[in-house]
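Residue numbers (full-length UniProt numbering): 1 to 756. Note that beta-carbon positions come from the ideal geometry of N, C-alpha and C, so glycine has one too. Here is the structure we will look at, set down as structure tokens.
This is the structure in structure tokens:
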């Protein structure tokens, strides 16, 4: 729901799934809330942690501004969206150009990374750098380096049914993939095509989603081969120059993000260069400062060959700070500093705590410059290494924490209007911030919720039924959100009644003088406002429907089509008039009669069933059909309403759960690694494919007390693949995992429950 607060982000802002590493736009999250359940925030000590997303909010169309930082990060936000500065959270319009904002200096590895064969990583790395994906029969790689060509061919020919075909006719050597057996495809070509890179031009290259899911070990191979292709190392007296060049902004920003996985800060520069008598646009991703250079070479140079490998070893051997000839705080001119206004108060507090010694004596005894202990308006910031050094000498835990924080202070270089866009925001469970486009931003709806907290608390306490009916109506377009809110409503002791042809209105409504809410018709999937308005208006004018015949006779609406009629039947809207399966079996006949009735009424004629005939069922002899099973009814309700309304299928299993399984609500009391047995219904299944092409599942299982995530590895799936389906009621045996403070189950065994 939108509360009218104008602090939000554009829909293309990217959010990372902290569990898998995947990247999605905030608009995608709003459309499918299962994509990302948790992302990264920072805590009171400025350390990154995993935080649960409570809600994604659409705030409507707003004017947005593009923010660009010194390191080339970009983000579009409304002018009063808050960013963290050294003076605390400030809205964008109050932040000066040059002022620094908080960004992450590193990002954690995915909790559940995937591993892929080295040859696939090397091939993809080379092709993202110097590959052409627009060849009619696949792709080719080009290079003037014989060493690179040899390395590329070695990896290419590890793929099934794939050999290299070399073209030496031009200045650069081109290597094509050729099939050994013409009757079947090349595994290498299939690999690239499945990643969605086929026919992508150099300017349109991107990192496939699987790259963000890689382990750091795998990722280092891919980045190493990319850099081998399009990277550059210049050895200069003033210090080494290391950068990666690309024509694709997606590759540049993606690489900058991926380098954070290794704690490497990089800068994106926009470049123009000559190419075939034209001026082309391009980007470089530059790595500077000794610590970033060291991490870069340590992680990636192992996969370099030739001169790049030799130059890397030279830097590691001769760089005066890396080889420890100079102290770490000798890195003058570094942009990686902590703002002075954060450091000086902590220094003063530390000195005040040590009243037995003067500042001069303190500096002399510990061999550092006395000026470090005094405020200086000309000074922009302290090197992180200097703050760490002072924390030890002054025995200050506060200085130690700020020196070890996960924040990199990046300066704003530009803020420009970027038009109007649909905007969004997240609501987070704990600390009210999150990472968007690798920039820390405020969970601005925390302020919104705080502002309306009193009003909502009052309404929820004194008018709970009315409050929840209104809340359900506001979210009626989101089936999953409705399911969540109805569960909350039930916990409050409020019953939610199923939709009914003679009781339901368009929205969720309060049943007079009862602690009950009636389901709204527009909350049913595939049922539009046109048919709902026709139903409610006809009922208001001429009273309740007496039979299905009466309904067909009176509702001459073009909006009563097969899709909407089927959804109304399956969700039990007509249960008081006829049995669901009988209506489904006769649906085509009923729709045909409805169309005839519309034609008759439009011609001004008296219909066959006019005159108050309410015995339509008997007159036309609807074909008999076996009643729908309870299982079918509940399956339809789950599909079209988002949850079970008429009953809960688990109620029939309550006794067996109590005898043979631990309630899911008690998992938080079990220690990590403890083997448990739970029972419940599989409410959702998400599948990913491992490097060997085998499926792995992330399932949500719920019982009568709570729900939890169950992780299922390929070997377990292969034992009994048919059981891993939504709405199956199962026992799961596995080990508890508390890694993110939310208990999960690593599945060892699964069994479908057949007894009740």
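Residues of its chain near residue i, where Cβ-Cβ distance is below 8 Å and the 5 sequence neighbours each way are ignored
i, result
"residue 753", "653, 656, 679, 729, 730 and 731"
"residue 476", "482, 507, 508, 520, 522 and 523"
"residue 273", "279, 280 and 282"
Straight-line Cα distance separating residue j from residue i
i, j, result
"residue 677", "residue 724", "17 Å"
"residue 30", "residue 463", "29 Å"
"residue 667", "residue 715", "24 Å"
"residue 570", "residue 637", "7 Å"
"residue 796", "residue 212", "Residue 796 falls outside the range modelled here, since the chain spans only 1 to 756, and no answer is possible."
"residue 164", "residue 191", "16 Å"
"residue 38", "residue 52", "4 Å"
"residue 644", "residue 484", "12 Å"
"residue 57", "residue 466", "22 Å"
"residue 535", "residue 560", "10 Å"
"residue 16", "residue 635", "33 Å"
"residue 304", "residue 229", "9 Å"
"residue 346", "residue 413", "28 Å"
"residue 472", "residue 10", "26 Å"
"residue 411", "residue 382", "15 Å"
"residue 197", "residue 110", "24 Å"
"residue 581", "residue 624", "9 Å"
"residue 375", "residue 88", "20 Å"
"residue 269", "residue 72", "7 Å"
"residue 284", "residue 490", "55 Å"
"residue 151", "residue 126", "10 Å"
"residue 474", "residue 443", "21 Å"
"residue 738", "residue 132", "45 Å"
"residue 217", "residue 322", "23 Å"
Residue i in three-state terms, based on DSSP
i, result
"residue 750", "strand"
"residue 8", "coil"
"residue 16", "strand"
"residue 737", "strand"
"residue 245", "strand"
"residue 448", "Note on residue 448: pLDDT 43, under 50, position unreliable in the model; no value is reported."
"residue 28", "helix"
"residue 742", "coil"
"residue 1", "Because the pLDDT of residue 1 is 31, which lies under 50, any placement of that residue in the model is unreliable, and the number read from its coordinates should be weighed accordingly. Coil at residue 1, not helix or strand."
"residue 503", "coil"
"residue 90", "strand"
"residue 388", "helix"
"residue 126", "helix"
"residue 232", "strand"
"residue 109", "coil"
"residue 50", "strand"
"residue 541", "helix"
"residue 167", "strand"
"residue 581", "helix"
Beta-carbon proximity of residue i to residue j, cut-off 9 Å
i, j, result
"residue 266", "residue 259", "yes"
"residue 551", "residue 591", "no"
"residue 746", "residue 698", "no"
"residue 262", "residue 288", "no"
"residue 701", "residue 672", "no"
"residue 233", "residue 128", "no"
"residue 544", "residue 502", "yes"
"residue 703", "residue 664", "yes"
"residue 338", "residue 293", "no"
"residue 188", "residue 123", "yes"
"residue 722", "residue 421", "no"
"residue 84", "residue 101", "yes"
"residue 479", "residue 222", "no"
"residue 762", "residue 691", "Only positions 1 to 756 of the chain appear in this structure, which leaves residue 762 out of reach."
"residue 802", "residue 55", "This structure gives no information on residue 802, because the portion of the chain shown stretches from 1 to 756."
"residue 26", "residue 436", "yes"
6 Å CB neighbourhood of residue i in its chain, flanking five on each side removed
i, result
"residue 178", "163 and 165"
"residue 47", "406"
"residue 210", "none"
"residue 224", "300 and 303"
"residue 675", "735"
"residue 202", "247"
heavy atom of the ligand MN below 8 Å from residue i C-beta
i, result
"residue 467", "Ligands are entirely absent from the displayed structure, and the ligand MN is therefore not among its contents."
Within-9 Å CB hit, residue i to chain D
i, result
"residue 264", "Judged by its chain identifiers, the structure shown contains no chain D, having just a single protein chain."
DSSP bridge partner residues for residue i (one or two, in chain order)
i, result
"residue 68", "74 and 414"
"residue 82", "91"
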